[in-house]
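For what it's worth, my numbering labels the leading residue of the sequence shown as 15, then goes sequentially.
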Amino acid sequence: MSESIELKPQKQLTDINVLSDLLEFAMADFEKVCKNDNFQVNMGIWLNHYPDDPPEVCYGCLSGAVLYQEKMFKIPEDNFLDVHPNYETAKVANRMRAINHLRKGAIACAAEEMNIKLPEGLPCWLDVDDYNYDFTKQENFDGKFGKCMRDLVSYLRGKGL
15 MSESIELKPQ
25 KQLTDINVLS
35 DLLEFAMADF
45 EKVCKNDNFQ
55 VNMGIWLNHY
65 PDDPPEVCYG
75 CLSGAVLYQE
85 KMFKIPEDNF
95 LDVHPNYETA
105 KVANRMRAIN
115 HLRKGAIACA
125 AEEMNIKLPE
135 GLPCWLDVDD
145 YNYDFTKQEN
155 FDGKFGKCMR
165 DLVSYLRGKG
175 L
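Listed below in structure tokens is the structure:
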């Protein structure tokens, strides 16, 4: 399966080495996919495309939104796409996992993925608002989920992360 996925070079994502910058980058791409009817949010999968769907339709989480928006994938000939960090280069995979950890408030896990040492006394985990499937993508971006992620960016930046 991994040989059917061809990532396009994505210098910008792999050059990010700061947690706040990474989450800000992901939220910028998430904002774009919130306005795109062809991207369906599913925080339980990384990035998928199913054979019965039109070629432009994909499903994915916050990390998947980055891959989708940055066009870091190619739909294989069998029209089935299942992107997972284990299929990617280490730098892309680590950033995908770090974004996923940040969306859940797991700061220590995100830092570990990117080999970042946390300052002494910083909590390993913060309470965050989950993506709410009862709301539209845009309502999530504008509402609690988006605000929580933007607040986390500010918090991390204030801690030098």
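Glycine residues also receive a C-beta, built at the ideal position from the N, C-alpha and C atoms. On a predicted model such as this, the values are computed, not experimentally measured, just so you know.
Helix, strand or coil at residue i according to DSSP, with G and I counted as helix
{"i": "GLU84", "result": "coil"}
{"i": "PHE155", "result": "helix"}
{"i": "MET128", "result": "coil"}
{"i": "ALA120", "result": "coil"}
{"i": "CYS138", "result": "coil"}
{"i": "TYR147", "result": "coil"}
{"i": "THR103", "result": "coil"}
{"i": "MET15", "result": "The predicted model places MET15 with a pLDDT of 32, which falls under 50 and marks its position as unreliable; any figure quoted below should be read in that light. If DSSP states are grouped into helix, strand and coil, MET15 belongs with coil."}
{"i": "VAL176", "result": "Residue 176 is absent from the structure shown; the chain starts at 15 and stops at 175."}
{"i": "GLY160", "result": "helix"}
{"i": "LEU166", "result": "helix"}
{"i": "GLY172", "result": "helix"}
Whole-Å CB distance - residue i paired with residue j, under 8 Å assumed
{"i": "TYR82", "j": "PHE39", "result": "Incorrect: roughly 14 Å between the Cβ atoms, too far for contact."}
{"i": "ALA124", "j": "TRP139", "result": "In fact, because the Cβ distance is near 10 Å, the residues do not count as touching under 8 Å."}
{"i": "HIS115", "j": "GLU127", "result": "7 Å"}
Residue from the options whose Cα sits closest to the Cα of residue i
{"i": "ASP165", "options": "GLY174, VAL142 and GLU153", "result": "VAL142"}
{"i": "VAL47", "options": "VAL71, ILE59 and ILE30", "result": "VAL71"}
{"i": "ASN56", "options": "ASN50, CYS75, PRO68 and GLY157", "result": "CYS75"}
{"i": "LYS49", "options": "ARG111, ASP66, VAL32 and THR150", "result": "THR150"}
{"i": "CYS162", "options": "LEU37, ASP43 and ILE30", "result": "LEU37"}
{"i": "LEU170", "options": "ALA122, LEU61 and TRP60", "result": "ALA122"}
Residue burial classification, residue i (beta-carbon count within 10 angstroms, cutoff 16)
{"i": "ASN1", "result": "What the structure shows of the chain is the stretch from 15 to 175, and residue 1 is not part of that stretch, so it cannot be assessed."}
{"i": "ASN108", "result": "buried"}
{"i": "SER77", "result": "buried"}
{"i": "GLY172", "result": "exposed"}
Review point. Whole beta strand (DSSP E) runs in the segment 36–77 with 3 or more residues, listed along the chain?
Key: 53–55, 61–63 and 72–74
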